[in-house]
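Engineer: Those sequence lines, one after another, are chains C, E and S.
Using the numbering used here, read the first sequence as starting at 1 and increasing by one per residue.
Using the numbering used here, read the second sequence as starting at 268 and increasing by one per residue.
Using the numbering used here, read the third sequence as starting at 565 and increasing by one per residue.
Idealized CB from N, CA, C, for every residue including glycine.
I am attaching a structure below and will ask some questions about it afterwards.
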Amino acid sequence: MPTTQTTPADDVILETRELTMRFGGLLAVADFSASFPRGSITGLIGPNGAGKTTCFNMITGFYRPTSGEVLFEGVPIAGLPAHKVCRAGIARTFQNIRLFNNETVLENVMIGRHLRQKTSWLQTLVFTPASERENRRDQARCLELLDAVGLADLAGEKASSLPYGAQRRLEIARALATEPRFLLLDEPAAGMNPQESEDLMGFVRAIRQAFGLTILLIEHDMKVVMGICEHLWVLDYGQTIASGPPEAIRSDPKVITAYLGEEHAHA
Amino acid sequence: MNLATFIQNILNSLTLGSLYALVAIGYTMVYGILRLINFAHSEIFMLGAYFVFWGITLVHLPWPVAMVLAILVTASLGVLVDQVAYRPLRDAPRISALISSIGVSFFLQNVAIVFFQAIPREVYRPAWLEDPILVHGVRVLPLTLFVPLLSLVLMLLLVYIVYRTKTGLGMRAISKDIETSYLMGVPVNRVIAVTFGIGSALAAASGIMWALRYPQLQPIMGTIPGFKAFIAAVFGGIGSIQGAVIGGLTLGFIEIMTVAFFPDLAGYRDAFAFVLLILVLMVKPTGLLGERPEDKV
Amino acid sequence: MRRGRTILLNVLAIGVFGLLLHLAEGYCNGYQLQILNLIAINIILALSLNLIYGFTGLFSLGHAGFMAIGAYVCSILIMTPDQKDMLFLLQPAYDWVQTAHAPFFAAVLAGGAVAAIFGAVVGIPLLRLGDDYLGIATLGFAEIIRVVANNVPRLTNGALGFKGIPAYADLWWNFGWALVALYVIVRLLQSNTGNVLKAIRDNEIAAKAMGVDVFRYKLLSFTVGSFFAGVGGALLASLLTTIDPKMFLFTLTFNVLMIVVAGGLGSLTGSVLAGIGITVLLEWLRVVENPVDLLGFSLPGIPGMRMVVFSLALIVIILFRREGLMGMRELTWRSLAGVFSRGKA
């Protein structure tokens, strides 16, 4: 997608302003202010419990932030319900895979299409040409998506019967079916072996290119993070402790302290 | 309404309220621990009353002995129901145990119909509970003093068990987190059994006193009080024993006082509780004192 | 091509079924016809509850309430003004109740529609509740309907209820409506909207992330389910020709729940099969409640025994075969063809 090269650096697709989440007395995320250039792949890293998934939940409408704002293409979206955020063009995956287990692979992806559908189920009662056409078109589109993630052969299988790696790819295909412009991946490489992680990196780059996406991902596998992210944000105990290109983050003493503890940073 | 009637109404409310509260405690304890609405609880209430009737008419036991025995038998029955119908479903989807409890409820109710017939039966009432006494010129039914007092004693006993014994500590631990309780060596299954036993004993006591107050026995007598007591538990905040007591008393007062002040609404008295339930669930589903963890994303 | 064949097979099946109904009408006695009619109505009720609970995951215990609404609305519309004059003894009916009249089809439709409206109205506040709370709240709704029916004699004739409701609901009407319910619910579930409902059942959080307005779809499922519950109630009123508030106790919901669980939550085929099996079982169990003469000895009937066996059966199913008869499987022409080709091979 040419946009990555041609758009100016200040073309920001999503921006968070002092995003803060408090659970009772616990400050989960404090003043998270970040901006994401269109077409970029950004990583959100930090030790367990740093507030990464909480950030995802605030951006995607699962949590209403205690304070702060999220601007998506200049439009404030913080506090919108999750389905409206998705409709606006932001999709996500989950750390613990959440598929529709009793449904087939194809049906899982079709569910992602429903919010772009124009005909109602009432029309399918009498087989109107419009609803039949739309249904055929959406099925074809979903099969293409499955093809893109390498699951086309398994379209008729039950989602729960897929192996782990395939389930992760199905979750991504399902998210892509909603036609997002911004995609959040929560630990996409979790539970993958080195070869699978390698493949994943190529896959993430490929879908960015093919679907014109901006991607934000949470990941613990540093090889993946350093390999595909162009920019990193580092959280620790809810605070943003660093941000910058991967090479700079790698040697940032504050980040090393957060990950490894005090002694190692000074050693 | 004159003062005497008003006092009688207060006593009636307290009586009805304590009866609801005793049953509500059983609902709230089981829900607190297993997240299960135990539909069969209302049949436990009914059977407690029938067991006293049996003890007196068939075995000719003295009334107090029959009462204590009936409470013990009913408590064992409550434990048995859990072991047979709910325990195998601990790992199943939550609604399975609920459906099982609906099945047990219908089962017990119809077993009662088979054995006792559907016709209402008279209840033996000791004379000292029935003959009105004069307190400062107000005619008072001793029963309306006896029921709240006995209920109070039972509740204090319960508070002692829950807050001063090891089993009680186990109950509180399980209601916070059943998985961790297993890991910490809490004898979970035994504590759950004790919980069912206590809850059923209180329901039996309530059922027995209910039969004294509204002197009739019939197999469906538990259904409506059971629902109302559950609603009381929700109103007070499910999982909270204090909440169940407050909820029960509140419901008793609402019911008696509404009928006392607006006799036209008497026909709707069974609907009050359900309207209250729906209102509570809409406005504050956690009830007065309850807390419920949010779904994790 | 494949679709064409499916349609042809469906039309053929309906034709054969119609022929069977015609034969049944001629050869069955009144008691057998009554059972067949009850089967049709129970299928409608089970399909609608399965849509709500089995496919959308909404644990509703309010079916008896929606049935009551459908039954009362339909009865008021099909009884003649003269009949109502005679019927409302306690207090005269409201004028609009007195004069309202409609043909049977419109009356059943109206019964369903009013039930659907009630479904939507109570659904808006209640469907935000979690599973077991939703169950108890919908049960509360059904009880409130019953109490109201008892207390508004100018609308419902109070505790006396209605007698002599015209008996229009014959085999053709009942099975016709059962087919309509089956068709509408099958098509709904085959559409992508059906996928969305199942998605909500399987994983509500993921459904939200996929842009599903969960509440709206729950309301849709609940409303459609309420509609058919109302239709079932309307047909039942005309079949039995008498209704009163006592008829719509929780037991009625329990029976429908039993059919849905026994057939399999999330299997329409299961609901149809269990609808047949359990209706027959319930009728057959009536025998144990009536006195029997056996070789000259007369055994007394045992009241309550029917529900003892029935509730025990539910407990056994839940404990030992939670997926019911069919699990989530469906019988389709294709799966039938699969069975036959395997048989040949």
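I think residue 690/S touches residue 701/S, with their Cβ atoms under 8 Å apart; what is that distance to the nearest whole Å?
Structural biologist: Between residue 701/S and residue 690/S the Cβ distance is about 5 Å, and since that is below 8 Å, they are a contact.
Engineer: Between 650/S, 890/S, 811/S and 804/S, which lies nearest to residue 723/S when the distance is taken from Cα to Cα?
Structural biologist: Of the listed residues, the one whose Cα sits closest to residue 723/S is 811/S.
Engineer: Mapping the DSSP letters down to three states, classify residue 144/C as helix, strand or coil.
Structural biologist: DSSP places residue 144/C in helix when its eight states are reduced to three.
Engineer: For residue 659/S, which residues from the same chain have a beta carbon less than 6 Å from its beta carbon, with the 5 sequence-adjacent residues on both sides left out?
Structural biologist: Result list for residue 659/S: empty, nothing under 6 Å.
Engineer: Would a check of beta-carbon distances place residue 318/E closer than 7 Å to chain S?
Structural biologist: No - not a single Cβ of chain S is within 7 Å of the one on residue 318/E.
Engineer: With a threshold of 8 Å on Cβ separation, who are the neighbours of residue 462/E within its own chain once the five nearest residues in sequence on each side are excluded?
Structural biologist: Here the set comprises 296, 297, 300 and 438.
Engineer: Is the shortest distance between the beta-carbon of residue 292/E and the beta-carbons of chain S less than 7 Å?
Structural biologist: Answer no: the Cβ-Cβ gap between residue 292/E and chain S never drops below 7 Å.
Engineer: Please list the partners that residue 648/S has in chain C, where partner means a Cβ-to-Cβ separation under 9 Å.
Structural biologist: Those within 9 Å of residue 648/S in chain C number zero; the least Cβ separation is about 36 Å.
Engineer: Using the DSSP secondary-structure output, state which residues sit across from residue 231/C in a beta bridge.
Structural biologist: BP columns for residue 231/C point to 42/C.
Engineer: Using 7 Å as the limit for Cβ to Cβ distance, is residue 715/S near chain E?
Structural biologist: Interface residue, yes.
Engineer: For residue 792/S, which of 679/S, 756/S and 837/S has the nearest alpha-carbon?
Structural biologist: Among 679/S, 756/S and 837/S, the Cα nearest to that of residue 792/S is on 679/S.
Engineer: Once DSSP output is grouped into helix, strand and coil, what is the label at residue 776/S?
Structural biologist: Residue 776/S falls in the coil class under three-state DSSP.
Engineer: Exposed or buried, what is residue 745/S when buried is set at 16 or more other beta-carbons lying within 10 Å of its beta-carbon?
Structural biologist: With 16 or more other Cβ atoms within 10 Å, it is buried.
Engineer: Between residue 885/S and the rest of its own chain, which residues show a CB-CB distance below 8 Å, the 5 nearest in sequence each way excluded?
Structural biologist: Correct list: empty, nothing qualifies.
Engineer: How many Å lie between residue 576/S and residue 875/S at the Cα?
Structural biologist: Their backbone Cα atoms lie some 38 Å apart in a straight line.
Engineer: If you run the structure through DSSP and keep just helix, strand and coil, what is residue 333/E?
Structural biologist: Residue 333/E falls in the helix class under three-state DSSP.
Engineer: Apply the 10 Å Cβ neighbour rule to residue 411/E and answer buried if 16 or more other Cβ atoms are within range, or exposed otherwise.
Structural biologist: The residue in question, residue 411/E, is buried, as its Cβ has 16 or more Cβ neighbours within 10 Å.
Engineer: Output needed for residue 633/S: all residues of its chain with C-beta closer than 6 Å, excluding positions within five of it in sequence on either side, in chain order.
Structural biologist: 678, 679, 682 and 794.
Engineer: Sort out for me which residues DSSP pairs residue 158/C with in a bridge.
Structural biologist: In DSSP, residue 158/C forms a bridge with 104/C.
Engineer: Find the residues of chain D that neighbour residue 98/C, judging by a C-beta separation of less than 8 Å, and give them in chain order.
Structural biologist: Of the protein chains in the structure, C, E and S, none is chain D.
Engineer: Which full runs of the alpha helix (DSSP H) of 4+ residues lie inside the segment 292-358 of chain E, going along the chain?
Structural biologist: Correct list: 308-324 and 330-348.
Engineer: Listed from N- to C-terminal order along the chain, which residues in the segment 531-554 of chain E have their beta-carbon within a distance smaller than 7 Å of any beta-carbon of chain S?
Structural biologist: The residues in question are 534, 535, 537, 538, 541, 542, 544, 545, 548, 549 and 552.
Engineer: So is residue 885/S in contact with chain E if we call contact Cβ pairs under 7 Å?
Structural biologist: Output row for residue 885/S: interface = no.
Engineer: Per DSSP, what kind of secondary structure is residue 796/S in: helix, strand or coil?
Structural biologist: DSSP places residue 796/S in helix when its eight states are reduced to three.
Engineer: Would you decide whether residue 433/E is buried or exposed? Buried here means 16 or more other CB atoms lie within 10 Å of its CB.
Structural biologist: The residue in question, residue 433/E, is exposed, as its Cβ has fewer than 16 Cβ neighbours within 10 Å.
Engineer: Between the Cα of residue 590/S and the Cα atoms of 736/S, 617/S and 686/S, which residue gives the shortest distance?
Structural biologist: Per the Cα distances, 736/S.
Engineer: Using three-state DSSP, classify residue 887/S as helix, strand or coil.
Structural biologist: Of the three classes helix, strand and coil, the one that applies to residue 887/S here is coil, per DSSP.
Engineer: Verify whether the separation of the beta carbon atoms of residue 184/C and residue 92/C is less than 7 Å.
Structural biologist: Yes, the Cβ-Cβ distance between residue 184/C and residue 92/C is below 7 Å.
Engineer: Could you check how far apart the C-beta atoms of residue 421/E and residue 289/E are, in whole angstroms? I think they sit under 8 Å.
Structural biologist: Yes, residue 421/E and residue 289/E are in contact; Cβ-Cβ is about 7 Å, under 8 Å.
Engineer: Would a C-beta distance cut-off of 7 Å place residue 21/C and residue 66/C closer than the cut-off?
Structural biologist: It is a contact, given that the beta carbons lie within the stated cut-off.
Engineer: With DSSP run on the structure shown, which of helix, strand or coil describes residue 243/C?
Structural biologist: The answer is strand: DSSP assigns residue 243/C an E or B state.
Engineer: Run down chain E in chain order and give the residues with a C-beta less than 7 Å from the C-beta of residue 704/S.
Structural biologist: What residue 704/S touches in chain E: 541, 544 and 545.
Engineer: In the DSSP assignment, the beta strand (DSSP E) including residue 36/C goes from what residue to what residue?
Structural biologist: 26-37 is the extent of the beta strand (DSSP E) around residue 36/C.
Engineer: How about residue 276/E: is its C-beta nearer than 7 Å to some C-beta of chain S?
Structural biologist: So, not an interface residue.
Engineer: For residue 19/C versus residue 49/C, is the C-beta spacing smaller than 7 Å?
Structural biologist: The answer is no: Cβ separation not under 7 Å.
Engineer: With a threshold of 7 Å between beta carbons, is residue 378/E in contact with chain S?
Structural biologist: Yes, its Cβ sits closer than 7 Å to a Cβ of chain S.
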